[in-house]
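Engineer: Keeping their order, the protein sequence lines are chains A and B. Read in order, the letters of the first sequence are residues 1 to 176 in the numbering used here. Read in order, the letters of the second sequence are residues 177 to 352 in the numbering used here. Think of the CB as a built atom: it goes at the ideal place given N, C-alpha and C, for glycine as much as any other residue. These figures come from a predicted structure and were not determined experimentally. Structure provided below as structure tokens; questions to follow.
Number of protein chains: 2
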Amino acid sequence: MSGTDPVCTETTPPSAARGGPVSIALARVARMHRIAAGRRLKELGLYPGQEMMMMRLWDCGPVRQSELIQSLGLDASTVTKMLQRLEQCGHVRRGPDPADRRAVLVEATDEGRSLRTGVEGVWSDLEQLSLQGLGPDDRAELARLLGLVAENLRVEAGEAGECPLAPGGAAPRANC
Amino acid sequence: MSGTDPVCTETTPPSAARGGPVSIALARVARMHRIAAGRRLKELGLYPGQEMMMMRLWDCGPVRQSELIQSLGLDASTVTKMLQRLEQCGHVRRGPDPADRRAVLVEATDEGRSLRTGVEGVWSDLEQLSLQGLGPDDRAELARLLGLVAENLRVEAGEAGECPLAPGGAAPRANC
DNA sequence: CAGATTACCTTGGCCGACCAATGAATGGGT
DNA sequence: ACCCATTCATTGGTCGGCCAAGGTAATCTG
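As structure tokens, this is what we get:
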């Protein structure tokens, strides 16, 4: 074995393993899951991420934009732009809130609602694919462990669901 | 309880649960994990995603860009632009490959190498935070289950590590 | 009631990620 | 030797995400 080979020598200590094998595996699995979801969503005419928005709209009826922001745990500007595109697509309708003139009420159109079965099919399809070969006990165990990890991370990341985001302003980003 | 309330009535059937609770939980956990990683990486002057690139460079020495693309499982254009920014930052050096005039050899600079302990600290810190309260058996179980899921998804998503991406061109994206 | 504060959304900028198309260099086939 | 297919990298476009700043409206306070 040569020491100056420009290719990974396979005996090199993996830097990833030195800082959290489970975290790395989690990121990897999530990435693959996202790719697989993106492929299926593409055939429905949706970009990855939009399905979450639509799910919330299907569940909740006319909602204030701020509720979506809080419930999805996204940035306000992200939601604004995403809704603009979804509105232009005809999947979503936006209108003023009579009770608050600065708020915006968002609602899924009939065409947007028609995507529901497709999106839910994508997710259940992915669920089935991901958990192939896992028995009921393994699935429950995975769900339980993911719940624990989520609870551990919830403290500082803010949960997407009910808790408002903690205002954690920190170091200024380098300009590179 | 009013039926026309614009707020989620909490008894509404959650659309997320109807299409894969584990998948949803996985996406949620991965998101929180990414947010937490991003916060810590910011203090090192890195954007989320760049740490993976640097890890590969620390492990492998001078590498062809195509190796990075395959090993990280990213798009070629993504790697190109990321490396341009990392080079402008001084974390990375790029030069021609004498063996192939169209290839580019990438290498971490000394300044880039100096980030290694910081990044590995971020990941191990995150690992510790995520797995708080989990015993060794639980951690091993989580790693095992994530490995199984990764194996299930590997078939169609292409693995980031050794396998080349499967060329899965599909439906044309909607223009919305 | 007037002024300051807060909440709600929008805009602009940046980066990671994808696809599509292009240009340059290599390699294989006849 | 030639042409053609493949590979390598770049550019341009789009979208999901974030942060920072700005503008309007509601609310809290003196």
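Where does the unbroken alpha helix (DSSP H) through A:P21 begin, and where does it stop?
Structural biologist: Run containing A:P21: P21 to L44, per the alpha helix (DSSP H) assignment.
Engineer: List, in chain order, every chain A residue whose beta-carbon is nearer than 7 Å to that of B:P197.
Structural biologist: Going along chain A in sequence order, the residues near B:P197 (Cβ under 7 Å) are A143.
Engineer: Buried or exposed: which applies to B:A252, given that a residue is buried once 16 or more other Cβ atoms fall within 10 Å of its Cβ?
Structural biologist: With fewer than 16 Cβ atoms within 10 Å of its Cβ, B:A252 is classed as exposed.
Engineer: Can you give me the Cβ contacts of A:P21 inside the same chain, cut-off strictly under 7 Å, excluding the 5 residues immediately before and after it?
Structural biologist: Within the same chain, A:P21 has no close Cβ partners at all.
Engineer: Can you tell me which of the three DSSP states B:A252 falls into?
Structural biologist: Three-state DSSP puts B:A252 in a helix.
Engineer: DSSP three-state call for A:A99: helix, strand or coil?
Structural biologist: Note: A:A99 maps to coil in three-state DSSP.
Engineer: Keeping to the same chain, check which residues put their C-beta closer than 7 Å to that of B:G214; ignore five residues upstream and five downstream.
Structural biologist: P224.
Engineer: One question on the structure: do B:M228 and B:L262 come within less than 9 Å of each other, judged by their Cβ atoms?
Structural biologist: No, these two residues do not count as a Cβ contact at 9 Å.
Engineer: Mind pulling the alpha helix (DSSP H) runs of 4 or more residues that sit fully within the stretch 252-323 of chain B?
Structural biologist: 252-265, 286-289 and 292-306, all fully within the stretch 252-323 of chain B.
Engineer: Step through the CB atoms of chain B and report whether any lies within less than 9 Å of the CB of A:D110.
Structural biologist: No, A:D110 lies away from the interface with chain B (no Cβ there is under 9 Å from its Cβ).
Engineer: Looking only at DSSP bridge pairs, what is A:V149 linked to?
Structural biologist: Answer is none; A:V149 lacks a bridge partner.
Engineer: Drop a sphere of 10 angstroms on the beta-carbon of B:A201, count the other beta-carbons inside from all chains shown, and report buried for 16 or more, exposed for fewer.
Structural biologist: So B:A201 ends up on the buried side.
Engineer: At a CB-CB cut-off below 9 Å, which residues of chain A make contact with B:L202?
Structural biologist: Under the 9 Å cutoff, chain A gives L26, V29, A30, H33, S130, L142 and L146.
Engineer: Where A:L110 and A:G90 are concerned, what is the direct C-alpha to C-alpha distance, given to the nearest angstrom?
Structural biologist: First, the residue type needs correcting, since residue 110 of chain A is Asp and not Leu in the sequence shown. Approximately 9 Å between the Cα atoms of the pair.
Engineer: Have a look at the DSSP bridge pairing and note the partners of A:R64.
Structural biologist: Per DSSP, A:L105.
Engineer: Quick check on DSSP: helix, strand or coil for B:S247?
Structural biologist: Helix at B:S247.
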